[in-house]
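The block underneath contains the structure these notes are about, expressed in structure tokens.
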Amino acid sequence: GNSVTQMEGPVTLSEEAFLTINCTYTATGYPSLFWYVQYPGEGLQLLLKATKADDKGSNKGFEATYRKETTSFHLEKGSVQVSDSAVYFCALDLDSGYALNFGKGTSLLVTP
Amino acid sequence: DAGVIQSPRHEVTEMGQEVTLRCKPISGHDYLFWYRQTMMRGLELLIYFNNNVPIDDSGMPEDRFSAKMPNASFSTLKIQPSEPRDSAVYFCASSLGTGGSYNEQFFGPGTRLTVL
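So the protein sequences, as listed, match chains A and B.
Per this note's numbering, the very first residue in the first sequence carries number -5; after that it's consecutive.
Per this note's numbering, the very first residue in the second sequence carries number 309; after that it's consecutive.
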């Protein structure tokens, strides 16, 4: 079945540092890939997505490229801010395409 | 649109009591999902509906849990009887459909359940 594995946190960075959060997937067929973000005390919200190989999703300075050859969808940001402190979830479509399978989440703390 | 609405936001109850969580999806969304989030197990899909019909309830932990969607604008998740291990944040989410640009899920703010 389809599943994702993402790096364990917590990740602690200083403001303006470069961020990478790794995500790899196992899938049958061609799933869509997602990054969701959860700010403290809130529900998850979509950060970016990619629906086919080599697509790059981007939003709010974050980017991720759908790499079929390495089955990866790593999240990157060139310069993080304190306001980026949150939990980040990688996800993909389940086999049915109807629901999403989420990774365990990676907590990011950005310090001034 | 107001987004996905969940109530209550916080619930504290005693073991053995019945708990009912409520969700109003975004108008026009055909899919509704219930998730549970804990530190130990992360985010787990419990059940999801399509056009008010339960499609997959394989994530429901046991018979103490039940979910209904009597109409397109309302769903409930009930736990009876509740146990301390049910303590978690329960999220409801909805989406337009599946595939392509339709499968973005919109999450509610969650209900934090504490069972003493």
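Here a beta-carbon is modelled for each residue, glycine too, at the ideal position from N, C-alpha and C.
From residue i to residue j, what distance separates their C-alpha atoms?
i: Pro333 of chain B; j: Val361 of chain B; result: 14 angstroms
i: Pro378 of chain B; j: Ser366 of chain B; result: 20 angstroms
i: Arg317 of chain B; j: Arg330 of chain B; result: 10 angstroms
i: His68 of chain A; j: Gln325 of chain B; result: 44 angstroms
i: Ser403 of chain B; j: Val320 of chain B; result: 29 angstroms
i: Phe56 of chain A; j: Lys386 of chain B; result: 38 angstroms
i: Tyr82 of chain A; j: Asp371 of chain B; result: 32 angstroms
i: Asp338 of chain B; j: Thr422 of chain B; result: 30 angstroms
i: Ala375 of chain B; j: Glu10 of chain A; result: 45 angstroms
i: Met368 of chain B; j: Ala401 of chain B; result: 16 angstroms
i: Val312 of chain B; j: Ser101 of chain A; result: 24 angstroms
i: Phe373 of chain B; j: Asp49 of chain A; result: 40 angstroms
i: Lys62 of chain A; j: Asn16 of chain A; result: 14 angstroms
Closest by CA to residue i, which one among the options?
i: Gly350 of chain B; options: A:Pro106, A:Glu2, A:Gln75; result: A:Glu2
i: Arg393 of chain B; options: B:Arg344, B:Gln314, B:Asp365, B:Leu340; result: B:Arg344
i: Gly35 of chain A; options: B:Gly418, B:Leu340, B:Ser395; result: B:Gly418
i: Thr107 of chain A; options: A:Leu102, A:Ser66, A:Ser73; result: Beyond the ends of chain A as shown, which are -5 and 106, falls residue 107 of chain A; an answer cannot be given.
i: Leu27 of chain A; options: B:Arg420, B:Gly416, B:Glu412; result: B:Glu412
i: Thr64 of chain A; options: A:Asp78, A:Thr6, A:Thr18, A:Val76; result: A:Thr18
i: Thr105 of chain A; options: A:Gly72, A:Ser79, A:Asn16; result: A:Ser79
i: Lys54 of chain A; options: A:Ser8, A:Ser77, A:Asp48; result: A:Ser77
i: Lys71 of chain A; options: A:Ser8, A:Val5, A:Phe12; result: A:Phe12
i: Ala396 of chain B; options: B:Phe414, B:Phe373, B:Pro389, B:Thr346; result: B:Thr346
i: Gly416 of chain B; options: A:Tyr33, A:Val5, A:Pro4, A:Ile15; result: A:Tyr33
i: Leu7 of chain A; options: A:Asn16, A:Lys62, A:Lys98, A:Ser73; result: A:Ser73
i: Asn95 of chain A; options: B:Ser315, B:Leu354, B:Gly405, B:Ala310; result: B:Leu354
Only counting the same chain, and skipping five residues up and downstream in sequence, which positions put a Cβ closer than 7 angstroms to that of residue i?
i: Lys46 of chain A; result: Tyr24, Tyr60
i: Gln39 of chain A; result: Tyr30, Val31
i: Ala21 of chain A; result: Asn(-4), Leu86
i: Glu352 of chain B; result: Tyr343, Arg344, Gly367
i: Ile363 of chain B; result: Tyr356, Phe357
i: Lys98 of chain A; result: Gln0
Counting only the same chain and skipping the five closest in sequence on each side, list residues whose C-beta sits under 6 angstroms from that of residue i.
i: Gly51 of chain A; result: Leu42, Lys43, Ala44, Ala58
i: Ser383 of chain B; result: Cys331, Leu340, Met377
i: Pro389 of chain B; result: Gly324
i: Thr328 of chain B; result: Thr384, Lys386
i: Asn359 of chain B; result: Asp338
i: Ser315 of chain B; result: Arg330
Looking only at DSSP bridge pairs, what is residue i linked to?
i: Phe83 of chain A; result: A:Tyr30
i: Phe357 of chain B; result: B:Leu340, B:Pro362
i: Leu13 of chain A; result: A:Lys71
i: Ala396 of chain B; result: B:Leu421
i: Asp94 of chain A; result: Position check: residue 94 of chain A holds Leu in this sequence, whereas Asp was assumed. Leu94 of chain A pairs with A:Asp87.
i: Ser315 of chain B; result: B:Arg330
i: Glu352 of chain B; result: B:Arg344
Can you name, in chain order, every residue of its own chain whose Cβ lies under 8 angstroms from the Cβ of residue i, other than the five neighbours on each side?
i: Ser381 of chain B; result: Lys332, Pro333, Ser335
i: Leu424 of chain B; result: Val320, Thr321, Glu322, Met323, Pro392
i: Thr14 of chain A; result: His68, Leu69, Glu70
*List in chain order: all unbroken beta strand (DSSP E) runs of 3+ residues lying wholly within the segment 15 to 69 of chain A.*
With a minimum length of 3 residues, the continuous beta strand (DSSP E) runs that stay inside the segment 15 to 69 of chain A are 17 to 20, 27 to 32, 38 to 44, 50 to 53, 56 to 59.
_List, from N- to C-terminal side, the beta strand (DSSP E) runs of 3 residues or more that fit wholly inside the segment 324 to 350 of chain B._
For the segment 324 to 350 of chain B, the continuous beta strand (DSSP E) assignments of 3+ residues that do not extend past its boundaries occur at 327 to 332, 339 to 346, in sequence order.
_What are the residues in the segment 379 to 399 of chain B lying within 8 angstroms of chain C by C-beta distance?_
Considering every chain present, this structure includes no chain C. Its protein chains are A and B.
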